[in-house]
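J.: Encoded as structure tokens, here's the structure I'll be asking about.
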């Protein structure tokens with residue numbers, strides 16, 4: 018009986034560890050929401066920065082996508098904001114840097130900023146650089162499906178615009194609410210799917226162990 022329990026534990030414990038490992042990886046990416054916005058709109062974007070290591074994140078730099086004009090930001094206590102601009106005065110990159118401990122392991126921080134979308138439909142890629150306290154940098158600049166993908170906002174043609182070329186407040190609010198709900202559902206369900214897959218693999222491994230016994 019003890020031997021059987023030992024074999025089961027050798028299979029089950031690693032499976033449980035892998036379950037939590039893959040679940041944490043599923044939500045560890047630097048993201049920018051909403052993932053869909055309208056052409057010409059003045060959009061309120063949220064940059065979410067989680068910590069994927071056992072040390073604190075102290076700085077994050079984001080490269081503004083081509084055609085996207087970063088206009089303003091929301092101050093965050095304990096963080097400073099700086100921007101690098103081109104010759105025409107448009108923001109090329111912007112940086113949030115901690116004045117204290119930064120984002121500790123197991124935590125995340127959100128940074129909110131307003132940007133004007135380009136007038137033509139495109140996919141805006143947000144290249145981000147995450148700096149850790151030990152000097153290491155994670156470059157979130159890869160394509161979708163890579164180990165360190167950049168966030169992408171799909172800029173689509175607006176269906177209702179005012180004389181400034183931006184969405185009407187009512188339409189914009191409904192669109193943002195719908196998109197946010199879908200994104201929340203997706204981000205919440207992905208770890209559950211991975212957890213379920215890990216649990217299924219554990220069950221299969223247990224069945225095979227009993228058959229060998």
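Numbering (our numbering), first residue to last: 18 to 230.
Built from N, CA and C at the ideal position, the CB exists for glycine as well.
1. When burial is assigned at 16 or more other CB atoms within 10 Å of the CB, is residue 104 buried or exposed?
2. Out of 140, 97, 167, 107, point me to the one whose CA is closest to residue 129's CA.
3. Taking the alpha-carbon positions, what's the residue 151 to residue 73 distance?
4. How far does the beta strand (DSSP E) with residue 139 in it reach, from first residue to last?
5. Which whole-angstrom value describes the C-beta separation of residue 122 and residue 68, a residue pair presumed to lie in contact below a C-beta threshold of 8 Å?
6. For residue 64, report the span of its beta strand (DSSP E) as first-last.
7. If you draw a straight line from the alpha carbon of residue 192 to that of residue 59, how long is it in whole angstroms?
8. Buried or exposed for residue 94, going by 16 or more other Cβ atoms inside 10 Å?
9. Does the separation of the CB atoms of residue 119 and residue 75 fall below 7 Å?
10. With residue 115 as the anchor, note down where its beta strand (DSSP E) starts and where it stops.
11. Classify residue 170: buried if its beta carbon has 16 or more other beta carbons within 10 angstroms, exposed otherwise.
12. Quick one: is residue 117 buried, meaning 16 or more other Cβ sit within 10 Å of its Cβ, or exposed?
13. Considering only the beta carbon of each residue, do residue 50 and residue 61 sit closer than 7 Å?
14. Nearest CA to the CA of residue 52: which residue from 163, 108, 139?
15. Give every residue of the same chain whose Cβ lies closer than 6 Å to the Cβ of residue 166, excluding the five residues on either side of it in the sequence, and list them in chain order.
16. Looking only at its chain, what residues have a beta carbon closer than 7 Å to the beta carbon of residue 142, apart from the 5 residues adjacent to it on each side?
17. When the Cα atoms are used, what is the spatial distance from residue 84 to residue 124?
18. Taking the CB atoms as reference points, tell me whether residue 87 and residue 111 lie closer together than 7 Å.
19. So what does residue 89 bridge to, in DSSP terms?
20. Can you give the Cα-Cα distance for residue 161 and residue 149, rounded to whole angstroms?
21. What does DSSP give as the partner residue(s) for residue 76 in the beta ladder?
22. Relative to the C-alpha of residue 232, which residue among 70, 89, 71, 65 is closest?
T.: On the basis of the data shown:
1. exposed
2. 97
3. 8 Å
4. 139 to 149
5. 5 Å
6. 59 to 67
7. Legend: pLDDT at residue 192 = 46, less than 50; position of this residue unreliable, no value from coordinates given.
8. exposed
9. yes
10. 108 to 115
11. buried
12. exposed
13. no
14. 139
15. 159
16. 82, 167, 169
17. 32 Å
18. yes
19. 131
20. 23 Å
21. 114, 148
22. Any answer about residue 232 is impossible in this case: the structure gives the chain only from 18 up to 230.
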